[in-house]
Structures are given as C-alpha cells and as structure tokens.
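Below you'll find the structure, written out as structure tokens, and then a few comments.
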Amino acid sequence: DVKVTQSSRYLVKRTGEKVFLECVQDMDHENMFWYRQDPGLGLRLIYFSYDVKMKEKGDIPEGYSVSREKKERFSLILESASTNQTSMYLCASSFRLRGRRGYTFGSGTRLTVV
Amino acid sequence: QKEVEQDPGPLSVPEGAIVSLNCTYSNSAFQYFMWYRQYSRKGPELLMYTYSSGNKEDGRFTAQVDKSSKYISLFIRDSQPSDSATYLCAIPRRTGNQFYFGTGTSLTVIP
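Structure follows, in structure tokens:
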C-alpha cells in the first residue's frame, strides 16, 4: 500500500514564526497536494506539484509556499504564521490504476498558531 | 453554486440501522465518483468509487449514482460503531488529477 507520511501530528507555533510541514510518499507518485481542512469549509487546495521543482497554486495559496526538491518529498511552508492558519493540514499523492483513481492522504498535521 | 454539496449532519443512528449519506453535484459531465471515510484525527481514506449510473456494492456499503438528478448516495447496511466517522464525497476536476470534495457528513453509530 502507498504510504504518505506527514512528519508531525500536532504542532503549536507562535504568530510570525516560519513553519515547515513535511510530507513524504513511498510509491514514486508524480502528483502531490497540500490541503487544509476546516469545519464547515471542507478540504481546500493550497498548492500542488506534478513534478520535481514544479509547483502550482491551488485555491487558497496566500500565506503559503511549497518546495519539491525530490520526487518523494513535498513541503508546505508558512512564511509567517498567523492565527487564521490554525487548521488541519493534509498532504496527498494521487494514483491512477486500472480505472481506479483518487488520493492517498497522510494522517494530517493539526497546527495551532497562538 | 459549488461543484459538489453535502449535508454536514451530524447524523446519529443506532447500531444495525441503514444509513444514507448524500451529495449533489453541479456538472452533468462528471462520470467518476468517490466516497472517502475519515476517522477522527486521521486523514481521509478511499472507501468506494463508482462510474456514472447504477449501483456498486462492497460488503455492507453501496454507492449509488442518479445522473438525472445529479445525486450520489452511500448506503451502509447493518451499521456498526466502527462506522462512526466523517464521510466525504469527491468528484474529479477537469484535469483528472485533482478532486472536488464535499464538506463531509459526520456519522455516529450508537451501540
């Protein structure tokens, strides 16, 4: 089974800090994604990448950046954390196999900015 | 109008009940539909997928698509406490590598 691993389950950071969220997948998938999940708002796409060193903005990229230096690793960066970035962050890689496609998600990082 | 909409619930049922979870979608061109299950403090996992029209069954779970009314449903028979989770419907975006997600329906099955 594909595994998507997010390095931290829970993080507490101070306003203004630079925050790094790390994600690693082990199935050589090209496509990786970062979402945030908030009650009542569902999953919102922040950034995605279809290849090494490639990145594309999703629906809510403001205040975030990403890095993809290696195919298996996709990092989300909060340049200057703010309280409205308190959320559950989910990393995913996409698969497509014999008519079946979708995402494999990591377990998520619950970030609190104080 | 959102591409996919889902009643957030919460839904609370007794063990053994039949559960119906529903989403509506806006674009009649959609042909592939998914249901994800998300346990508390975990990431979503793909539960079922189906192509347009008809039903797909997997154990106690049945995914149904009604293209005429642009309605997708997930039925859970003989619900168990272990089914307590949030269920999200999802539909591919035009690119095929990204998906629109419903906001999720929280389900609690009471023993």
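So the sequence lines, in the order shown, correspond to chains A and B. Numbered by the working numbering, the letters in the first sequence go through residues 1 to 114 in order. Numbered by the working numbering, the letters in the second sequence go through residues 1 to 111 in order. Ideal placement from N, C-alpha and C gives every residue a C-beta, glycine not left out.
Which residues in chain A have a C-beta closer than 8 angstroms to the C-beta of residue i? List them in chain order.
| i | result |
| --- | --- |
| residue 34 of chain B | 102 |
| residue 8 of chain B | 40 |
Please list, in chain order, the chain B residues whose beta carbon lies closer than 9 angstroms to that of residue i.
| i | result |
| --- | --- |
| residue 48 of chain A | 97 and 98 |
| residue 107 of chain A | 41, 42 and 43 |
Can you give the beta carbon distance from residue i to residue j, rounded, assuming they're within the 8 angstroms contact cut?
| i | j | result |
| --- | --- | --- |
| residue 72 of chain B | residue 23 of chain B | 5 angstroms |
| residue 104 of chain A | residue 4 of chain A | 5 angstroms |
| residue 98 of chain B | residue 76 of chain A | Not a contact, Cβ separation roughly 16 angstroms. |
| residue 100 of chain A | residue 49 of chain B | 6 angstroms |
| residue 30 of chain B | residue 47 of chain B | Residue 30 of chain B to residue 47 of chain B, Cβ: 18 angstroms. No contact. |
| residue 80 of chain A | residue 18 of chain A | 7 angstroms |
Starting from residue i, find everything on chain B with Cβ-Cβ shorter than 7 angstroms and list it in chain order.
| i | result |
| --- | --- |
| residue 43 of chain A | 101 |
Mind pulling the chain A residues with CB within less than 7 angstroms of residue i?
| i | result |
| --- | --- |
| residue 104 of chain B | 42 |
Evaluate the contact criterion for the segment 106-113 of chain A versus the segment 70-90 of chain A: three or more CB pairs, one atom per stretch, below 8 angstroms. As far as the Cβ criterion goes, the segment 106-113 of chain A touches the segment 70-90 of chain A, which means the pair count is three or higher.
Q. In the segment 40-55 of chain B, which residues sit with their C-beta less than 9 angstroms from some C-beta in chain A, listed in chain order?
A. 41, 42, 43, 44, 45, 46, 49 and 51
Counting only runs of 3+ residues fully inside the segment 57-107 of chain B, write out the beta strand (DSSP E) ranges in chain order.
61-66, 71-76, 85-92 and 99-101
Could you tell me whether the segment 25-41 of chain A touches the segment 51-70 of chain A, where touching means 3 or more Cβ pairs closer than 8 angstroms? yes
Residues in the segment 72-98 of chain A having any Cβ partner in chain B nearer than 7 angstroms: Answer in chain order: 90 and 94.
* Asked: Does the segment 16-34 of chain A come within contact of the segment 2-16 of chain B, defined as at least 3 CB pairs closer than 8 angstroms?
  -> no
- Counting Cβ pairs closer than 8 angstroms, one from the segment 64-75 of chain B and one from the segment 90-100 of chain A, do we hit at least three? no
Segments of 3+ residues assigned as beta strand (DSSP E) that fall wholly inside the segment 47-78 of chain A: 64-70 and 73-78
- Query: Hey, is the segment 28-36 of chain B in contact with the segment 87-95 of chain B, meaning 3+ C-beta pairs nearer than 8 angstroms?
  - Reply: yes
- [ ] Taking 8 angstroms as the threshold, find out whether the segment 102-110 of chain B comes into contact with the segment 7-27 of chain B through three or more Cβ pairs.
- [x] yes
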